[in-house]
Amino acid sequence: MTRLILQEPGDFCTNTDTSEHLLLTPADDPQMRSVLSWLGELPVARVYTESIRASIDYVLDGGRTGRFDLLSPEVHPGERASVGAKLEYEILRNLRLPKTRPLDTAIAGVPVDIKATVGSNWAIPGEAHCQLCLCTQIQLKKNRHRTWLVRAHRSWLYRGKGNHDGKRGLAVHAREHWSVPLYDWTPLPVNPLKYLSEEVAQQVLADKPGQVQRLLTMFRALEGRVIPRNTLLTVARSHDPMRRVRDVKRAAAAEGLTLLCGRDAMAARGISLQPGEWIAVRDRPAGSGAPGPNDVG
Numbered sequence: 039m040t041r042l043i044l045q046e047p048g049d050f051c052t053n054t055d056t057s058e059h060l061l062l063t064p065a066d067d068p069q070m071r072s073v074l075s076w077l078g079e080l081p082v083a084r085v086y087t088e089s090i091r092a093s094i095d096y097v098l099d100g101g102r103t104g105r106f107d108l109l110s111p112e113v114h115p116g117e118r119a120s121v122g123a124k125l126e127y128e129i130l131r132n133l134r135l136p137k138t139r140p141l142d143t144a145i146a147g148v149p150v151d152i153k154a155t156v157g158s159n160w161a162i163p164g165e166a167h168c169q170l171c172l173c174t175q176i177q178l179k180k181n182r183h184r185t186w187l188v189r190a191h192r193s194w195l196y197r198g199k200g201n202h203d204g205k206r207g208l209a210v211h212a213r214e215h216w217s218v219p220l221y222d223w224t225p226l227p228v229n230p231l232k233y234l235s236e237e238v239a240q241q242v243l244a245d246k247p248g249q250v251q252r253l254l255t256m257f258r259a260l261e262g263r264v265i266p267r268n269t270l271l272t273v274a275r276s277h278d279p280m281r282r283v284r285d286v287k288r289a290a291a292a293e294g295l296t297l298l299c300g301r302d303a304m305a306a307r308g309i310s311l312q313p314g315e316w317i318a319v320r321d322r323p324a325g326s327g328a329p330g331p332n333d334v335g
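Mapping of the sequence shown onto the working numbering: position 124 corresponds to residue 162, and the numbering continues sequentially without gaps.
Right, here's the structure in full:
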């Protein structure tokens with residue numbers, strides 16, 4: 039296969055649909071600098087982490103399906119690919135950006151497209167050729183993500199006609215040399231259910247003997263790990279998982295486990311939890327002061 043030779047900054051782009059224009063480096067692109075300046079005031083990595091996690095949870099729909107792993111054979115490849123579409127709206131909402139045309143949004147008055155992939159490249163549509171794109175790569179097996187801002191010049195896209203929508207992938211060399219990384223590889227929170235053995239996972243997700251026993255089994259197996267609300271919803275399969283957790287507290291206490299959330303966790307163990315999160319901690323003998331093997335905080 040012939041190696042793709044890209045035009046360099048300073049050359050004219052081959053995209054004549056948008057009139058003749060120069061290929062610019064990020065430092066010489068005033069629109070890119072404006073967008074970077076706007077984004078630089080925000081905790082972009084944290085926003086993307088929360089938005090990706092919410093998008094994955096939305097696609098898995100664990101409260102209805104019992105699924106908790108996007109790489110599971112039960113998840114159709116098309117569903118995995120739809121994470122990117124959901125992420126667009128999560129980013130717009132969390133960054134308080136408008137939904138605009140012809141691209142996805144406008145940042146500092148500059149049109150910007152929002153793209154994400156759970157693979158290795160993005161499908162850049164014709165309307166986004168030579169426009170600014172926020173390109174996010176999600177590596178599910180490594181539980182991490184990163185995002186670049188790139189001017190997706192047609193001269194920097196892979197050759198060929200692309201698919202029926204005119205979408206084409208971004209050349210690796212262009213991404214590595216003429217884009218700006220917004221943040222380095224950043225961890226994605228792991229669904230605690232992934233830490234369960236296959237046998238225990240089956241018990242936790244079984245229809246019988248019921249919600250209280252499923253939740254108790256989960257907290258017992260995941261002692262010391264923070265359990266987010268969506269995980270509780272997946273196991274309880276109830277519209278009110280918080281009520282089910284409170285039902286199981288007495289049974290857990292009989293086994294020497296204390297279930298904590300919010301301010302209770304901070305007051306009792308100094309553990310900081312987000313709204314809707316819970317943790318099971320082992321009761322300690324009076325005066326021992328020794329943490330359990332999985333204690334956090």
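A virtual CB, placed ideally from N, CA and C, is assigned to each residue, including glycine.
Identify which residue in the options has its Cα closest to the Cα of residue i.
i	options	result
Glu165	Ala190, Thr155 and Gly147	Ala190
Arg118	Pro136, Pro140, Asp151 and Thr155	Thr155
Thr269	Lys232, Lys246 and Gln45	Lys232
Ala291	Asp222, Gln240, Pro313 and Arg320	Arg320
Asn53	Ala303, His114 and Tyr196	Tyr196
Pro313	Lys287, Pro266 and Arg182	Pro266
Ser72	Ser89, Thr103 and Pro149	Pro149
Ala161	Arg131, Trp194 and His59	Trp194
Gln45	Leu260, Val238, His215 and Arg263	His215
Arg263	Ala318, Gly48 and His114	Ala318
Ala244	Arg275, Pro225, Arg301 and Pro227	Arg275
Asp66	Thr103, Gly48, Ala212 and Lys246	Gly48
Gly300	Val286, Leu254 and Trp316	Trp316
Asp151	Ser75, Arg284 and Ala123	Ala123
Leu98	Leu80, Ser120, Val82 and Ala83	Ser120
Ser93	Asn132, His59, Leu62 and Leu61	Asn132
Val238	Val273, Arg213, Lys153 and Leu226	Val273
Ile90	His59, Lys153 and Glu79	Lys153
Ile43	Gln241, Met304 and His211	His211
Glu58	Cys168, Ala144, Arg134 and Gly116	Cys168
State the beta-bridge partners of residue i as determined by DSSP.
i	result
Ser217	Val188
His183	Ile176 and Thr224
Ile265	Trp316
Pro170	According to the sequence shown, residue 170 is Leu rather than Pro. DSSP output for Leu170 lists Val150 and Arg189 as bridge partner(s).
Arg206	Ile162
Leu195	Leu208
Thr155	Gln175
Round the Cβ separation of residue i and residue j to the nearest angstrom and send it over; I've been treating them as touching at under 8 Å.
i	j	result
Cys51	Arg192	6 Å
Leu208	Cys173	7 Å
Leu220	Leu77	6 Å
Leu108	Lys179	Not a contact, Cβ separation roughly 10 Å.
His183	Tyr86	6 Å
Gly100	Pro163	Not quite, the Cβ-Cβ distance comes to about 31 Å (not below 8 Å), so this is no contact.
Val286	Val250	5 Å
Leu260	Ala289	No, Leu260 and Ala289 are not in contact; Cβ-Cβ is about 15 Å, not under 8 Å.
Leu295	Arg258	7 Å
Run through DSSP, which three-state label would residue i get?
i	result
Val319	strand
Thr422	Residue 422 falls outside the range modelled here, since the chain spans only 39 to 335, and no answer is possible.
Thr255	helix
Arg275	coil
Asp49	strand
Thr54	helix
Leu60	strand
Arg281	helix
Gly200	Note on Gly200: pLDDT 49, under 50, position unreliable in the model; the coordinate value appears next. Three-state DSSP puts Gly200 in coil, outside helix and strand.
Leu108	coil
Leu260	coil
Val286	helix
Val113	coil
Pro247	coil
Gly308	coil
Leu44	coil
At which residues does the alpha helix (DSSP H) containing residue i begin and terminate?
i	result
Leu298	Here Leu298 belongs to no alpha helix (DSSP H); instead the beta strand (DSSP E) covers Leu295 to Cys299.
Ile129	Val121 to Asn132
Thr87	Val82 to Leu98
Pro68	Pro68 to Leu77
Leu243	Glu236 to Leu243
Would you mind reading off the limits of the beta strand (DSSP E) that contains residue i?
i	result
Ala144	Thr143 to Ile145
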